[in-house]
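Novice: Before I ask anything, let me first share the structure, which is written out below as structure tokens.
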Amino acid sequence: MNKDDIASVKKFLLTLQEDICSGLEALDGKATFHTDRWDREDGGSGITRVISEGNVFEKGGVNFSHVHGKAMPASATASRPELAGRAFQAMGVSLVIHPENPFVPTSHANFRMFVAEKPGEESVWWFGGGYDLTPYYPFDEDCLHWHRVAKNACDEFDTDYYPRFKKWCDEYFFLKHRDETRGVGGLFFDDFNEAGFENSFAMVQGLAKSYLEAYGPIVEKRNREKYNEQHKHFQEYRRGRYAEFNLVYDRGTIFGLQSGVGRIESILMSLPPVVRWTYNWSPESGTEEARLYDYLKPRDWV
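Residue numbering for the sequence shown is 434 to 735, as defined by the working numbering.
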């Protein structure tokens, strides 16, 4: 890992952010992304891009950040204690999209690189990321499409990646206190450097570029569905689960808060705009809403 490698990853991530924002603007047809560039003297810089009150997207953010610090935060060394005390730099693109229509799923994607450095020793680096889908009113054909695109993207590099990353996603995006998955999964990987830098970076690029191919057709199809106040209330209720996961379990959020070099507005950009917690509530058996709970468990889609 050298400076040119790091520069190549940063260039790709900035291009990825621009391409995804352009694709989402085209899907929305009305709203555009507001761009907020930020720079902190104590070790962080980035570009936060937010869309809101559009034809399709109630709120969404596509963030790029490049942060560094003198010592690894606890969230990054929990599974790798040998890296404690090393200086670090981390960069990535992270996005969460919350549509207005409850029949359009929320989606999340993240692609990042982490480098741990120590004078006189070789740098330790790895990639992480993936994408996952959180429907409120699920359709089998949408879930199948999402996972087929994910599998095809993985198979370009290694046919073992999809089943491995899919399982990792099911296990990672799991709310232990609710005993349910956050949605219908997708891909998740972390601490990935086993293929060497060139091949690992190529894989990350391939998976990242497949996000819009996976999400776009679902948005276009489901945004035509008619919805009412009951549908909207259920979407807001289920968004509470999204907020719970991000604040309690999400490694990226926890890292951003612990590292002290992130920007709080950008870190919490992923939270939904309107959320509803209703005490001790569950949908009646046989309703559209109850059907969702059959999907909140790992399933072999392809």
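Idealized CB from N, CA, C, for every residue including glycine.
Less than 6 Å between C-beta atoms, sequence neighbours within five positions excluded: which residues of the same chain meet that for Ala647?
Specialist: Excluding positions up to five away in sequence, the list reads Trp579 and Val582.
Novice: Hey, quick one: how far does the beta strand (DSSP E) through Met524 stretch, first residue to last?
Specialist: From DSSP, the beta strand (DSSP E) with Met524 extends over Ala520 to Pro532.
Novice: Distance, Cα to Cα, Gly629 vs Met702?
Specialist: Near 33 Å, if we compare the C-alpha coordinates of Met702 and Gly629.
Novice: Which residues mark the beginning and the end of the beta strand (DSSP E) in which Arg655 is found?
Specialist: Here Arg655 belongs to no beta strand (DSSP E); instead the alpha helix (DSSP H) covers Tyr644 to Arg655.
Novice: Sorry if obvious, but does the Cβ on Glu491 come closer than 7 Å to a heavy atom of the ligand GTP?
Specialist: In terms of ligand content, the structure shown is empty, and the ligand GTP therefore cannot be addressed.
Novice: Any idea which residues DSSP pairs His467 with across the strands?
Specialist: The partner list for His467 (beta bridge, DSSP) reads Val483.
Novice: Among Val707, Ser498 and Gly563, which has the Cα closest to the Cα of Phe606?
Specialist: If we check each option's Cα against that of Phe606, Gly563 comes out closest.
Novice: Indicate the three-state DSSP secondary structure (helix, strand or coil) for Glu574 in the structure shown.
Specialist: Reduced to three states, the DSSP call for Glu574 is helix.
Novice: Count the other CB atoms, across all protein chains shown, that sit within 10 Å of the CB of Tyr726; report buried if there are 16 or more and exposed otherwise.
Specialist: It counts as exposed.
Novice: Assuming Pro596 contacts Tyr569 under a Cβ cut-off of 8 Å, what Cβ separation, rounded to an integer in Å, is found between them?
Specialist: That belief does not hold up - the Cβ atoms of Pro596 and Tyr569 are roughly 27 Å apart, past 8 Å.
Novice: With distance defined between alpha-carbon atoms, name the residue in Glu451, Phe572, Asp573 and Ile484 nearest to Val529.
Specialist: Comparing Cα positions, the closest option is Ile484.
Novice: Taking all protein chains shown into account, decide if His577 is buried (16 or more other Cβ within 10 angstroms of its Cβ) or exposed.
Specialist: Sequence inspection shows Leu at residue 577; the His mentioned does not correspond to that position. Classification for Leu577: exposed.
Novice: Who does Trp559 pair with in a DSSP beta bridge?
Specialist: Phe547, per the DSSP bridge assignment.
Novice: Can you tell which of Phe544, Glu491, Gly616 and Glu717 has its C-alpha closest to the C-alpha of Phe572?
Specialist: Nearest option by C-alpha distance: Gly616.
Novice: So, with DSSP's three-state summary, where would you put Lys492?
Specialist: Three-state result, Lys492: strand.
Novice: Using alpha carbons as the reference points, say which of Ile651, Arg671 and Asp591 lies closest to Asn632.
Specialist: Of the listed residues, the one whose Cα sits closest to Asn632 is Asp591.
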